[in-house]
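Notes for the one structure printed next.
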């Protein structure tokens with residue numbers, strides 16, 4: 213598992229525990245920290261031999277992941293940002309079993325739960341079966357819910373000229389290389405929506421990244437594809453609602469909020485995101 217980290221002490225313990233508690237025994241967790249000053253280093257030191265880590269100046273998230281990849285040795289690569297976590301204790305076991313049963317698949321991915329900084333579920337992020345035309349119009353594949361065989365990756369793993377859409381670029385690159393994608397029809401991870409995350413602070417960088425990606429991978433970003441995107445997001449909400457019964461606070465590998473699923477059904481299918489409280493958008 214590869215984890216880039218910088219000043220994420222409130223959520224780093226959940227990340228580390230969600231990996232350490234996995235039922236799959238042979239896990240190598242490599243954390244590259246960008247020089248945190250918020251107590252993260254003490255948390256990493258307390259993890260002992262369960263985590264291989266380093267801390268120092270880096271050139272951003274992609275650089276940190278590339279360093280972690282270079283230090284890793286595993287044949288199956290997971291990428292779990294320091295504010296994210298695996299959904300339950302059996303995720304890695306089932307991902308490894310899926311890849312063993314499908315030796316032609318290079319990229320395995322599944323569904324994701326988006327949560328707040330305090331661990332309340334915001335919405336279910338359903339992932340569709342792979343279709344490159346869908347991937348060209350939006351990015352339905354969540355990075356913490358993805359596992360990639362090392363054989364499909366080159367070094368460096370990521371293009372460090374991208375600072376927001378670095379995961380999207382990787383999926384598109386692998387797809388154009390005709391790597392096989394396979395969907396695991398279960399919830400694999402949580403994506404934590406907290407105010408310091410990139411999607412809340414550098415939206416302009418995302419726009420610039422997408423503009424660069426468009427000619428590289430023939431992305432369908434123009435207004436003529438708005439109907440296709442809208443159709444997908446509606447389907448994602450409806451299919452995501454079917455995942456809600458699978459979410460139980462007593463089975464997760466992260467720290468749930470006391471208001472764990474409060475308002476979830478309404479957010480999933482009964483309201484627009486623009487109508488949600490600002491901290492949840």
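Numbering (this note's numbering), first residue to last: 213 to 493. C-beta: ideal position from N, C-alpha, C; glycine also. Because the structure is a prediction, the values reported are computed rather than measured.
- Per the coordinates, the alpha-carbon of residue 292 lies some 30 Å from the alpha-carbon of residue 438.
- Apart from sequence neighbours up to five positions away, the residues of its chain that approach residue 236 with a beta-carbon distance below 7 Å are 304, 305, 308, ordered along the chain.
- CA-to-CA, the gap between residue 314 and residue 249 works out to about 43 Å.
- Counting along the chain, residue 452 sits inside the alpha helix (DSSP H) bounded by residues 438 to 453.
- The region 288 to 360 contains, as complete alpha helix (DSSP H) runs of 4+ residues, the segments 303 to 313, 344 to 349 (chain order).
- Around the beta carbon of residue 233, a 10 Å sphere encloses fewer than 16 other beta carbons of the protein chains shown; the residue is thus reported as exposed.
- For residue 476, the closest alpha carbon among the candidates 335, 316, 384 is that of 335.
- Check the Cα spacing between residue 489 and each of 462, 407, 463, 367: the tightest is with 407.
- The shortest CA-to-CA distance from residue 318 to any of 383, 430, 231, 449 is the one to 383.
- In the structure shown, residue 264 falls within a strand segment according to DSSP collapsed to helix, strand and coil.
- Distance from the CA atom of residue 263 to the CA atom of residue 255, rounded to whole angstroms, is 11 Å.
- Between the region 287 to 301 and the region 213 to 223, the count of C-beta pairs closer than 8 Å reaches three or more; the two stretches touch.
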